[in-house]
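The next block holds one structure in the form of structure tokens; read it before the comments.
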Amino acid sequence: MRMVDLIEKKRNGLALTKEEIQFIIEEYTNDVIPDYQMSALLMAIFYEDMTDEEITNLTLAMANSGEIIDLRSIEGVKVDKHSTGGVGDTTTLILAPLVASVGAPVAKMSGRGLGYTGGTLDKLESIPGFKVEISDEEFIETVNKSNVAVIGQSGDLAPADKKLYALRDVTATVDSIPLIASSIMSKKIAAGANAIVLDVTTGDGAFMKSLEDAKRLAHTMVRIGALADRQTMAVISDMSQPLGEAIGNSLEVVEAIETLKGNGPEDLVEMCYVLGSQMVVLAKKAKTLDEARAMLKEALTSGKALDKFREMIQNQGGDTRVIDQPEMILTAQYSYELPAKSAGVVTKLVANEIGIAAMMLGAGRKTKEDAIDHAVGLKLHKKIGETISEGESLLTIYSNTKEIEAVKELLYENIEIGVSAQEPKLIHDIITE
Ligand code: URA
Ligand code: CA
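Numbering (the UniProt record's numbering), first residue to last: 1 to 433.
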């Protein structure tokens, strides 16, 4: 087989066979196929798309490019949850202990943030001492003991995706449905869970800007999951404005703790109930979504979920004092309010641009090598649909520099105040097949 012929075949709009796809992934992972040929193929896929069969074969080839984690020694149905990316999305920090506290094992591998999207590992590392790199054995032992562990992806998990993702990032081929679906599902399949809850975001702050594309991505991933024998469902959620109120690593850990104490922002709490109920039902700990939701509510109000978070922090070497004194990690030197320039109703809070503002403060990375500042970020005081008077604070900026003029300007450009606005729908659809 010659790569050049396969590029031509895809360029001409034909489907690649299973053997051809396996050849490409193996040879690319082993550095035999060079980046320039792979780039050409990625661009051909971007324009010519792939059939369901091709996407499934691509996903399985990528999953098989490295280690497949075996979670069989953990009893019960292991449920994973994955979001396609968002701004201020604190759900994993809440869901892991919450779902574990009602008896469903959560063995979760998470990622880091890039660009305007945040990453669970960065958030967890704002807790002093918290370790996200532990061995597979210790990971399994911890889940067996406490029902929960959230760690970084091991180095050999879907190495084809690692290489491909870096290449897509610099060749304008990230936002392609077959490439996103195979990237996410290859990692989920290799990470070993039996069931998968996908949070497919849509809106300005998401890869899929339109609802139609989000639905297609969701259907594609659910189908791949079923073919790989993993029970998979997707929630299509809104990411036109940031989720909750906090954006930034320490700020989001504090938001998660407050939510586990029963004081979370309404949209974030609802999102956790929707995703969490699906996880609990897939894990067979409840028969219906209503029953699951009632269990989760009880775990939140009784403090059981918060205790589970404390246990998770303790297990992974973190300082558990953060639970009772969350302020201890809010160490930004300066804070500034952003006053509304006029009175009215908030009509727009453009999620990706607000994520970029947080990144400019140091909360996120422009490139994979950048260091981040865990303490900085934003805390929204108003969301879409809320009224505000002139001079009232829209949000607080937490910063370690006094030079925040560019950040303020970007925020003003992306927050609109008008006459009236509908609160955006939080859940757009639920896809089960
Ligand atoms: N997240 C991933 O892991 N891969 C993508 O391609 C997009 C989002
Ligand atoms: Ca948030």
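Every residue gets a Cβ at the ideal spot worked out from N, C-alpha and C, and that includes glycine.
With a cutoff of 7 Å, Gly85 counts as near ligand 1, since its C-beta is closer than that to a heavy atom of the ligand. For secondary structure counted as the beta strand (DSSP E) over 3 or more consecutive residues, the segment 401-431 holds these complete runs in sequence order: 415-418 and 427-431. Comparing C-alpha distances from Ser237 to each of Leu198, Val322 and Ile404 shows the shortest one belongs to Leu198.
The shortest C-alpha to C-alpha distance from Ala375 to any of Leu124, Thr259, Asp31 and Glu386 is the one to Leu124.
In this structure, the straight-line span from the alpha carbon of Leu71 to that of Val280 is close to 18 Å.
Every residue whose beta carbon comes nearer than 5 Å to a heavy atom of ligand 1 appears here in chain order: Ile180, Ser183 and Ile184. Between the C-alpha atoms of Ala166 and Ala351 there is a straight-line separation of about 24 Å. Listed in chain order, the non-local C-beta contacts of Ser39 below 7 Å within the same chain comprise Leu167 and Thr171, local neighbours out to five positions each way being set aside. Annotation: Glu327 to Ile224 spans about 43 Å, alpha carbon to alpha carbon. DSSP places Gly377 in the uninterrupted beta strand (DSSP E) bounded by Gly377 to Leu380. Under the DSSP definition of a beta bridge, Ser83 partners with Asp199. By the C-beta density criterion, Asn400 is exposed, having fewer than 16 other C-beta atoms within 10 angstroms. Shown here for Lys78: same chain residues with a beta carbon closer than 6 Å to its own, the five before and five after excluded, namely Leu71, Pro105, Ala107, Ala193 and Asn194 in chain order. Taking a C-beta distance under 8 Å as the contact criterion, Ile189 and Arg216 do not qualify as a contact pair. Residue pairing by DSSP places Ser65 opposite no residue, since no beta bridge is assigned to it. Classified as exposed, Ile68 has fewer than 16 neighbouring CB atoms from the shown chains inside 10 Å of its CB. Cβ atoms of Leu260 and Ala305 come within 8 Å of each other, at about 5 Å.
A contact is defined here as three or more CB-CB pairs under 8 Å, and the segment 148-159 fails this definition with respect to the segment 243-254. For Ala149, the enclosing beta strand (DSSP E) has its first and last residue at Val148 to Gly152. Cβ contact annotation for Arg365 (same chain, cutoff 7 Å, sequence separation greater than five): Gly113, Leu114 and Ile372, in chain order.
In this structure, DSSP gives Gln231 an extended state, which the three-state scheme calls strand.
When the Cα atoms are used, Val274 and Ala363 turn out to be separated by approximately 28 Å. Judged by DSSP secondary structure, Ser39 falls within the alpha helix (DSSP H) whose first and last residues are Asp35 to Glu48. Considering only Leu6, Thr396 and Ala214, the residue with the shortest C-alpha distance to Met239 is Ala214. Inclusion of Ala299 and Ser101 in the CB contact set at 8 Å is warranted, their separation being smaller than that value. Separation of the CB atoms of Ile329 and Ile127 is rounded to 7 Å, and the pair is thereby assigned contact status at 8 Å.
A direct Cα-to-Cα measurement between Glu54 and Glu252 gives close to 39 Å. Cβ contact annotation for Ser250 (same chain, cutoff 7 Å, sequence separation greater than five): Ser126, Ile329, Leu330, His374 and Ala375, in chain order. A residue is called buried when at least 16 other Cβ atoms come within 10 angstroms of its Cβ; Glu390 does not meet this threshold and is exposed.
In the structure shown, Thr142 falls within a helical segment according to DSSP collapsed to helix, strand and coil.
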